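**Student:**
2 protein chains.
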Amino acid sequence: MNKEEALRKYEEWRKKINAYNAVMNLAYFDKETVAPRDAADKRNEVLNYMSGEIYDIETDPELIKAVECLKNEDLGELLNREIYFVSKSLDDVTKFTKEETMEYQKACLDAWETWYKGKKDNDYSVFAPSLKKLIELQKYRCSKRNPDKKAYDVLLDDFEESMSVDKYEPFFKLIKEEIIPLIKIVNTKRDEVDNSFLHKYYPADIQRKFAKDLLHYLHFEGWGYMGETEHPFTDGIFRDDVRITTRYDEHNIASTIFSIIHETGHAYYEHQIDPKYDGSPVCMYISSGMHESQSRFLENYIGRSKAFWVNLYPVLQSYFHENLGDVSLDDFIRGINASGSSLIRTEADELTYPVHILIRYEIEKGIFDGSISTDNLNVVWNEMYKKYLDIDVPGDDVGILQDVHWSNSSFGYFPTYALGSAIGAQLYKTMCEKMDVNKCLTEGNFMAVEEYLKENVQYDGAMHDYNYILKRATGEEFNPSYYIDYLKNKYKELYNIK
Amino acid sequence: MNKEEALRKYEEWRKKINAYNAVMNLAYFDKETVAPRDAADKRNEVLNYMSGEIYDIETDPELIKAVECLKNEDLGELLNREIYFVSKSLDDVTKFTKEETMEYQKACLDAWETWYKGKKDNDYSVFAPSLKKLIELQKYRCSKRNPDKKAYDVLLDDFEESMSVDKYEPFFKLIKEEIIPLIKIVNTKRDEVDNSFLHKYYPADIQRKFAKDLLHYLHFEGWGYMGETEHPFTDGIFRDDVRITTRYDEHNIASTIFSIIHETGHAYYEHQIDPKYDGSPVCMYISSGMHESQSRFLENYIGRSKAFWVNLYPVLQSYFHENLGDVSLDDFIRGINASGSSLIRTEADELTYPVHILIRYEIEKGIFDGSISTDNLNVVWNEMYKKYLDIDVPGDDVGILQDVHWSNSSFGYFPTYALGSAIGAQLYKTMCEKMDVNKCLTEGNFMAVEEYLKENVQYDGAMHDYNYILKRATGEEFNPSYYIDYLKNKYKELYNIK
């Protein structure tokens, strides 16, 4: 195969895999949002069949030949980068037979069903056998993919290239040493910041109306759609078709608001990549940590600021006059920033949030190094919540089964949430040096924030690696001290702690 | 290829085509319900690419060999029937190249976009060029598929096997001669039945809540999902996953109610086929006319009866007390049965409904025999509405662009709506002889109706042809006189016409 033939083959293949991935993404989005439960078996059979089709496309021998040929050519910066990604993916996917791949996909589909049922029935034992099977499969896969590395390091690297237990340890040590003691103090002073008004009765129907206004305020229109799911997520189909989901908790308006802002932050990253990368493997976020930095940035550094709410709060009040009519903007802002140990990660305040992640990180690490068994994992979970957050877990539905991630085998993803929060703090510090963020927001210019993120992080997708982008945006490599300082300063001030 | 090899090949192929069709159906459902408009081009490119993939599967040379082999074997009733359908479909699909097929699919996708835009902008000229192109492509396709037949007859046969202009003519003559004169009289007596309460302000949010109760009353739960679209439709993904859609007109509560009941009628036909046919081409409705008979049956013969509303009307009143609190059940029933010429087919009363179909039938017939041009088709449309229904059409959005069908090239479908209404009348007459429908409904036993339809029509899917099923269910072949008599009796009584 010569270079021209190889390029033609690669371009045909790219079109094909993109088409298949798009329809499969749509089918998964449908499954998670609206698909009737009765047809779960038939639907999963179809999804599994199609995963086999995709395996055949991904391992097309003609593609392998083409990539072998193109790997050694100088094709210009963009195509070189594309071939790098395709080649890397080929290395992984060709290590498994079609049968192995389909078995693994089926285990994920089955696990999602048992997770869903277990959560509904508040019973970890429904999910436990699926989880055990998935972990066995993942251990096997890691050992084949990279026999020289520890399994959990292989997985951490999947979501954040070059990350490992060794590299995460100092970061989580900081959380343990600097943040947990502060949480324990704040927990004793919870009465000092009132947020009870956020837990009054907020009918879902009216929340849906406010959600529309919120999405409008965030300029999430025309290029996206928001569905409803038990567990909110973002799914980019195309650059101009990014799906997010939310849920409506009638006794927690903050949960709706901040999950929508969080997912919209993700959505912008998918949306604001340079259109010249459309259809390319480069039209992708660079890493999960960077993705989470964009969502956590919008949710916390922007979405919990007074400037963000100056123009929006009256709209929220107009929908819920009875609950919020007497709550001043300042009291509302204090309320949405209040801290205190709680059960649900996605609803946690900024201070306790990284400890939810620490718990998951330690459990995953233990599962993969064999020091923790899946058999009574809910007990381990509950003990850790008690130890680190001083909190009793009343049931598996709000404990170990709260998150969807393990049901689709996304072990190693959780740490990127804390990493993303810390990257966000670093980005936020630089941003505030370069522009008057609060002035923009107060003047109703929300898009200035997303324009900044687009120009400094998002537009070149996966063209450069995470370290390069972070250094370009902030002038230095990852430095968690901004995050730790931000949390300590913010919460010491809010709770009058010396 | 021997019989065993051929059977194995056929079974593998069946699994494959079912999987592709399922994900494509989901992608189309997504496109019509929630997909953001900005990505229309990218989405259509993907859908078009996948239609090429499906072409390759449908024309797989190994399948052709297998079918050739199996056609002459005695495989038992079910497999014989399956091979009949696959062979028939092969005859059609192999008459066109992949490029021709993809061009045609692309023309449909493009036409949907211009239809959608034209309807929104109230401007037929936006849609006209796409329509013209589609008709040219359809004429070409018909000439290749069956050069001995007139194009429109080929299309009529697609939706209702063995139907043709010659066979539809006597039916539509009855509509013209028996129904139109009655409509003209009823139009002069519109004041005699009040339905103004149906056109008060009904907020969409509250309609959505009632819609949930209505679906619960219809036992449409667990095996289906209802989305929202401009133009309501039904889309069966699996027997246990049937999608319907509706729209909410805030000044026409009857439009919501009867479109939901109509689509649920369709949904039952997809749902109640014998599970033993799962995955088989026999797990299919037998014809569009029969499909429409099930939806029009539920919408009209059941859904507009007093017995249907005895238990449901208080629920409706509770949501809209201000509008309906003073309207008695009897007055409500008279109101939802009131007649009078109107613009929108899907909202038309039973009496004027077949004339909406007559107009579309005459236009389609004229387009395909060349006597009507697409250039000023909106003018032709408006003239016919004036002539047959005494009504002025104020804009294309409520005129020629109201229906989605022509945008996806479904020429020849419309007549099956009138045919289905007439089949429904014939089925209803027999049903009333066999069971006390009103007693069942009054006692809250709605499922007795669907059980009857299941046993008498739906359960054996496409195993037998339409004539066989109708004769088995009613004891005679299609006889439109039941429909004509039903309409004349009902509306003469309602409007005191001698």
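Same order as they appear, the protein sequences are chains A and B.
Be aware that the first sequence starts at 1, since it is given in the working numbering, and climbs by one per residue.
Be aware that the second sequence starts at 1001, since it is given in the working numbering, and climbs by one per residue.
Every residue gets a Cβ at the ideal spot worked out from N, C-alpha and C, and that includes glycine.
Bear in mind the structure is a predicted one, so any value in this text is a computation, not a measurement.
(1) What residue range is occupied by the uninterrupted beta strand (DSSP E) comprising Thr234/A?
(2) Check whether chain B comes within 8 Å of Asp240/A, counting only Cβ atoms and requiring the distance to be less than that.
(3) Shorter than 8 Å from the beta carbon of Leu1215/B to some beta carbon of chain C?
(4) Since Ile1423/B contacts Gly1289/B with CB under 8 Å, what's their CB separation in whole angstroms?
(5) Can you name the start and end residues of the alpha helix (DSSP H) that Met24/A belongs to?
(6) Pair every Cβ in the segment 1446-1457 of chain B with every Cβ in the segment 1316-1329 of chain B, then say whether three or more of these pairs are closer than 8 Å.
(7) Can you tell me which of the three DSSP states Ile1244/B falls into?
(8) By the DSSP assignment, the alpha helix (DSSP H) with Met290/A in it spans what residues?
(9) With 16 other CB atoms within 10 Å as the buried threshold, where does Gly1461/B fall?
(10) Quick one: list the residues of chain A neighbouring Leu1026/B, beta-carbon separation under 7 Å, in chain order.
(11) Should Glu1263/B be counted as a contact of the ligand HEM given a C-beta to heavy atom distance under 7 Å?
(12) Out of Thr1114/B, Asp1121/B, Arg1145/B and Lys1149/B, which one is the CA nearest neighbour of Lys1133/B?
(13) Who are the Cβ neighbours of Leu1131/B in its own chain at under 7 Å, not counting the five residues just before and after it?
(14) Taking the C-alpha atoms as reference points, what is the distance between Ala151/A and Lys139/A?
(15) Are Glu1082/B and Ser1280/B closer than 8 Å when you measure CB to CB?
(16) Is Asn499/A near Gly399/A, with beta carbons less than 8 Å apart?
(17) How about Ile1497/B and Ile1253/B: do their beta carbons lie closer than 8 Å?
(18) Could you give the first and the last residue of the continuous beta strand (DSSP E) run that contains Glu299/A?
(19) For Met1435/B, which residues from the same chain have a beta carbon less than 8 Å from its beta carbon, with the 5 sequence-adjacent residues on both sides left out?
(20) If you pair each beta-carbon of the segment 40-52 of chain A with each one of the segment 60-78 of chain A, do three or more pairs fall below 8 Å?
(21) Does Met1050/B come within less than 8 Å of chain A when only Cβ atoms are used?
(22) Measure the alpha-carbon distance for Met50/A versus Phe320/A and round it to whole angstroms.
(23) Please classify Asp1485/B: is it buried, with 16 or more other beta-carbons within 10 angstroms of its beta-carbon, or exposed?
(24) Can you confirm whether Ala1338/B, when its beta carbon is compared against all beta carbons of chain A, has any partner nearer than 8 Å?
(25) What's the call for Leu70/A, buried or exposed, on a 16-neighbour Cβ count within 10 Å?
(26) Which residues of chain A have a Cβ atom closer than 8 Å to the Cβ of Gly1499/B, listed in chain order?
(27) Looking at the C-beta of Val282/A, does it have a partner C-beta in chain B at a distance below 8 Å?
(28) Would Trp962/B count as contacting chain A if we go by Cβ distances under 8 Å?
(29) Is the beta carbon of Asp1274/B closer than 8 Å to that of Tyr1124/B?
(30) Suppose you measure from the CA of Ile260/A to the CA of Glu362/A; what does that come to, to the nearest Å?
(31) What residues from chain A crowd round Gly1224/B, counting only those whose CB sits closer than 7 Å?
(32) Could you tell me the alpha carbon to alpha carbon distance between Glu364/A and Tyr1466/B, rounded to whole angstroms?
(33) Quick one: which chain B residues come within Cβ less than 7 Å of Lys9/A?
(34) Could you name the residues of the same chain whose beta carbon sits closer than 7 Å to that of Val1086/B, not counting the 5 residues immediately before and after it, in chain order?
(35) Return helix, strand or coil for Gly370/A, following the three-state DSSP convention.
(36) Which stretch, first to last residue, makes up the alpha helix (DSSP H) that contains Tyr388/A?
**Tutor:** A quick look at the data gives this:
(1) That run of the beta strand (DSSP E) goes Thr234 to Phe238.
(2) At least one CB atom of chain B sits nearer than 8 Å to the CB of Asp240/A.
(3) Annotation note: the requested chain C is absent from the structure, which comprises protein chains A and B.
(4) About 6 Å; that satisfies the 8 Å criterion.
(5) Start and end: Lys3 to Thr33.
(6) Contact fails between the segment 1446-1457 of chain B and the segment 1316-1329 of chain B, because fewer than three Cβ pairs, one in each stretch, are under 8 Å apart.
(7) If DSSP states are grouped into helix, strand and coil, Ile1244/B belongs with the strands.
(8) Following the DSSP letters along the chain, one finds Met290/A inside the alpha helix (DSSP H) bounded by residues Ser288 to Arg296.
(9) Label assigned to Gly1461/B: buried.
(10) Within 7 Å Cβ-Cβ: Leu26, Ala27 and Asp30.
(11) Judged by which ligands are present, the structure shown has none, so any question about the ligand HEM falls away.
(12) Ranking the options by Cα distance to Lys1133/B, first place goes to Thr1114/B.
(13) These residues qualify, in order along the chain: Ala1111, Thr1374 and Trp1406.
(14) Distance between Ala151/A and Lys139/A, taken at the CA atoms: about 6 Å.
(15) The answer is yes: Cβ separation under 8 Å.
(16) For chain A, the structure presents residues 1 to 498; residue 499/A sits outside this window and is missing.
(17) Between Ile1497/B and Ile1253/B, the C-beta spacing is not below 8 Å.
(18) In the DSSP annotation of this structure, Glu299/A is not part of any beta strand (DSSP E), being labelled neither H nor E.
(19) Within the same chain, and ignoring the five residues on either side of Met1435/B in sequence, the residues whose Cβ sits closer than 8 Å to its Cβ are Ala1448 and Tyr1452.
(20) Contact annotation: the segment 40-52 of chain A does not touch the segment 60-78 of chain A, with fewer than three C-beta pairs closer than 8 Å.
(21) Chain A contact via Cβ: present.
(22) Each residue's Cα considered, the two are about 46 Å apart.
(23) Under this definition Asp1485/B is an exposed residue.
(24) Nearest CB-CB separation between Ala1338/B and chain A: not below the 8 Å threshold.
(25) With 16 or more other Cβ atoms within 10 Å, it is buried.
(26) Since the first residue of chain B shown is 1001 and the last is 1498, residue 1499/B is not available in this structure.
(27) Val282/A does not count as touching chain B.
(28) It is not possible to answer for residue 962/B, since the shown part of chain B is limited to 1001 through 1498.
(29) It is not a contact, given that the beta carbons lie outside the stated cut-off.
(30) Distance between the alpha carbons of Ile260/A and Glu362/A is about 28 Å.
(31) The contacting residues are Pro36.
(32) As the crow flies, the alpha-carbon of Glu364/A is around 60 Å from that of Tyr1466/B.
(33) Within 7 Å Cβ-Cβ: nothing; Lys9/A doesn't reach chain B, min ~16 Å.
(34) Hits under 7 Å: Val1067 and Pro1281.
(35) Three-state DSSP puts Gly370/A in coil, outside helix and strand.
(36) Following the DSSP letters along the chain, one finds Tyr388/A inside the alpha helix (DSSP H) bounded by residues Leu377 to Leu389.
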